[in-house]
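Everything in the sequence shown is counted per this note's numbering, starting at 84 for the first residue and increasing by one. Just so it is clear, CB atoms sit at the ideal spot from N, CA and C, and this is done for glycine as well. Heads up: the structure comes next, in C-alpha cells.
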Amino acid sequence: MQSSQSQAQGQTSKPQPPQTVARTDPPDITVTADVAAPVAVTASGAAVGRTSAPALPADPRDVTGLIDELGLIRDETGEPTAVVPPERLREVAQALKERGFMLMDTVGLDYLAYNQPRPKRFAVLHNIYHPRDHRRLFLRVWLDDGQPLDSLYPVWKAANYLEREVYDLLGVEFVGHPDLRKILTPDDLEGHPLRKDFPLGETPTLFRDGRFLDPAAFRAGVTGQQTGLTGYRGELRRGRGEDRLPPVMPEGGPK
C-alpha cells in the first residue's frame, strides 16, 4: 500500500527542470536568427530550434543551364547573353531551333569609339526567343573589320531582312545568305552609315523610303542643341501643337 502511494506521488510530482551546464570556453560562433523560418515547439511549449525556410522556386525563364549545356561562355550583361565563336554560330542556332527557339532580331554594333576595351571592333547580336516558355537568349559574335559571318537564313528564314540591314549599315558580310544586298541606303552610297568612322559630310543621306539624315541637325542633336535628327521628304509632321517641316528639304521641294 505504501509503495502504491509512493508510485502515485511520483507520477503526480512535477518534472524537475533540466540542469544547465555553463561552459567556460564557448566556441566562437555567431548565430543569426531567421525570423521568417518557423520555430519547432515541443508538447510542453519549449522551443527546440528553427526549421529551414522553404527554397524559392527556380525561375522558369533562366537560361543559365542552357548556356552551359551548349558549351558557351556567359557574357556579363544586363540580359542573358552568350558569346558564340563565329565558326559555331550556325551549329548553336540549329540546336536552339530544335529546342523551340526562334529568331526575333539581329543587330550589329561598332565599338570603335567605345570607352572600354572590347575583344574586337564589331559584334553581331542575335535575339533568340522561346514563344511558349518565354525564355530569351542573346547570342553575341565578335568580328574583326571585314570578317564574314555565317548567315542564319538556313536555320531561320527571318534572318533574311535582318542580316541585310546589318550588311547595309555596318558592312558585315553574311556567308550563305540568298540575297545579300542593300535594304535601306541607295545603291550608289559609299560606306556604311552606322560605322563610327562614317563621314557625315554636308550632304544629307537619303534612304530608300524618302527619309534622310541631315548632318548639321545630327550633330546638334548629339550635343543636345536640337531634338530632331531626321527628316522626311514631302511630309508635314505635327508635334507640340504646330506643323514642323523637315530640317532639310530635297532639291525641288516636297515630292
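In terms of Cβ geometry, aspartate 280 and valine 258 do not form a close pair [threshold 7 Å]. The residue among Gly254, Leu253, Glu248 and His260 with its C-alpha nearest the C-alpha of leucine 267 is Glu248. In terms of CA proximity to proline 231, Gly191 leads the group Ile150, Ala141, Leu277 and Gly191. The residue among Trp225, Gly161, Val238 and Glu170 with its C-alpha nearest the C-alpha of alanine 178 is Val238. For asparagine 243, the uninterrupted alpha helix (DSSP H) run begins and ends at 242–253, by DSSP. Of the candidates Asp193, Asp262 and Phe221, the residue whose Cα lies closest to the Cα of proline 276 is Asp193. Of the candidates Asp216, His217, Phe221 and Tyr197, the residue whose Cα lies closest to the Cα of leucine 208 is Phe221. Between the C-alpha atoms of lysine 240 and glutamate 256 there is a straight-line separation of about 17 Å. Residues Asp158, Thr164, Val166, Ala206 and Leu208 of the same chain have their beta carbon placed closer than 6 Å to that of arginine 223, with the five preceding and five following residues left out of the count. Nearest Cα to methionine 185 within the set Ala242, Leu253 and Gly274: Ala242. Aspartate 228 counts as exposed, since fewer than 16 other C-beta atoms from the protein chains shown sit within 10 angstroms of its C-beta. A straight-line Cα-Cα distance of about 35 Å links leucine 149 and lysine 265. Across the structure, phenylalanine 290 and glycine 254 are spaced so that their CA atoms are roughly 16 Å apart. Each residue's CA atom was taken as its position, placing threonine 189 and tyrosine 212 some 12 Å apart. Of Pro168, Pro269, Trp225 and His260, the smallest CA-CA separation from tyrosine 236 is found for His260. For the 7 Å CB-CB criterion, arginine 144 and arginine 218 form a contact. In this chain, alanine 141 is not harboured by any beta strand (DSSP E), its DSSP state being neither H nor E. As a beta-bridge residue in DSSP terms, tryptophan 225 pairs with Ala206.
Distance between aspartate 151 and leucine 245, taken at the CA atoms: about 27 Å.
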